Each structure stands twice: as C-alpha cells, then as structure tokens.
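Please read the structure below before turning to the comments.
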Amino acid sequence: MRKKILEVAVEQFSRYGVRTITMEDIARLSGVSKKTIYQEFKDKKELVKEAFGMLLKEDQEKLDAIMRDEDGVIEHLVYTSRMIRERIANLNPMAVLEVQRYFPEAWKMFECFRDNVIVTDIVKVLERGKKLGYFRNEINTRILARMRVNQINAAFDPSNYSGEDVKMVDIQMELMDHFLHGIFTEKGRQAYLEGVELNH
DNA sequence: TACCGG
DNA sequence: CCCGGT
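Okay, here's the thing in structure tokens:
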C-alpha cells in the first residue's frame, strides 16, 4: 500500500509538479483515502521526500550491485543511460523548481545524493573503465568526474529551461553521449554501442 | 465526505 | 478560493 502510494506520488509529482498535484489527487489515483495516506506519511513534505527518495535509493542500489561485478563498466553505462531515458523523460523542470523552492528537506536529499553518491560513483566507473581499457589512459578521472557532475547539475537546473524548446531528457542524453565519446577507446565505444543496442 | 484554517 | 490536514 505504502509503495503504491509512493509510486503514484512520484509519477504525478514528476509529470505535473509538486504543487499542482494535491494530496487528494494522490489518494484518488492510489485508490486509498486521505486518511490512509496520513497514516503512512506525516505530511506532504514527507511524502515528497520519501517519493523521490525511493527512486534515488533504487538507482543507487542497482548501480552498486552492478559495480560489485569485476567488470560491469559497460553495464553501468547502459543502465545509467536507461535511467536517464526512463526517469527524466517525464520529469518536468517545474517539479524540480518547486522541490527546490518549497520542499527544502527533499531538496537537501537531492544535493546530498549528488555530492556523495554520484561523484564517488563516477570516479569509480572512470577508474575501472580506464583500467579495463574502455576509456583512454590519459584521462584525469578526478577532473572529469567533477566536470561530469557539473554537467548533470546544469542539465537539471530549471533556470536553463526558460524557453521550453528542448526537453530535459534530450539534454541529459546528449551530454552523456558527448562526454563518453570524449573518453572512450575504440574498444569502449564498440562495447557501449553494442550494450545499448542489446538493451533496446 | 465534510469541514476548518492558513 | 484552494488545499493541507483532521
């Protein structure tokens, strides 16, 4: 029940924004009463935090599991690309803006995730990929990891979406692709393209 | 579902 | 008036 509520919440919040979706909407679409929701969650702030937190946790666990494999570099990249396609495709920049402005607790969680999980994860995959010959030997993993995180942040920043010409998912995919092709060896490039192909 | 209060 | 919360 709790999970159902969280799934509905994250879907609706992502698509339509955190403020436009009311607790009543969540209740109706989850097929429960508001009372049930408030038994599970203290208030809307908590629901917002838990809902997005669920996604972050899932992805973190998945990526950790992949990296527990000796190789796993290409699998990691393929999963990340899929994550971008599936999660960010329906993420309205307004939702990000609203979380940032009106749900500081939830926003802190995002920042924490970004500054800890993502950075260390990228450093790890870059070093591993270099060692295994997927990425060029000359690259400076620290510098590139930081640059990549800044790239991701920029693509999430709602202020970069004043005109609604380009979608967030397209920007994220384009940046990831461009970043990877800047560091791939021929072996890495081939393996990645194959991996993406197989994943479709 | 009705209702209160911010 | 709307919506979070009871």
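For the first sequence, the tail end lands on 258 under this note's numbering, and the numbers increase by one without skipping.
For every residue, glycine included, the Cβ atom is placed at its ideal position computed from N, Cα and C.
Quick caveat, the model's predicted, so the values are computed rather than measured.
Near residue i, what residues of its chain come up, given a Cβ to Cβ distance below 8 angstroms and the 5 sequence neighbours on each side ignored?
i	result
Val254	Val136, Ser139
Val66	Ile84, Leu87, Ser88
Trp165	Val157, Gln158
Val183	Met125, Val131, His134, Leu135
Ser91	Ala85
Ile210	Arg172, Ile176, Gln230, Leu233
Phe161	Val76, Lys103, Val106, Lys107
In three-state terms, what does DSSP make of residue i?
i	result
Phe237	helix
Phe193	strand
Phe110	helix
Phe242	strand
Ile146	helix
Asp215	coil
Lys166	helix
Glu119	helix
Find out if the Cβ-Cβ distance for the pair residue i, residue j is shorter than 8 angstroms.
i	j	result
Leu238	Tyr250	yes
Val157	Val227	no
Ile132	Tyr74	no
His134	Leu121	yes
Val207	Ile180	yes
Ile142	Met234	yes
Asp127	Leu190	no
Lys103	Glu163	yes
Excluding five sequence neighbours on each side, which residues of the same chain lie with their C-beta closer than 6 angstroms to the C-beta of residue i?
i	result
Phe229	Inspection of the sequence shows that residue 229 is occupied by Ile rather than by Phe. Hits under 6 angstroms: Ala213.
Arg247	none
Asn14	The question about residue 14 has no answer here: the residues shown for the chain are numbered 59 through 258.
Ile197	Ile241
Using C-beta distances below 7 angstroms, list every residue in its chain close to residue i, excluding the 5 sequence neighbours before and after it, in chain order.
i	result
Asp173	none
Asn195	Lys188
Gln118	Val175
Quiz prompt | the segment 109-126 touching the segment 172-186, judged by at least three CB pairs closer than 8 angstroms | solution = yes
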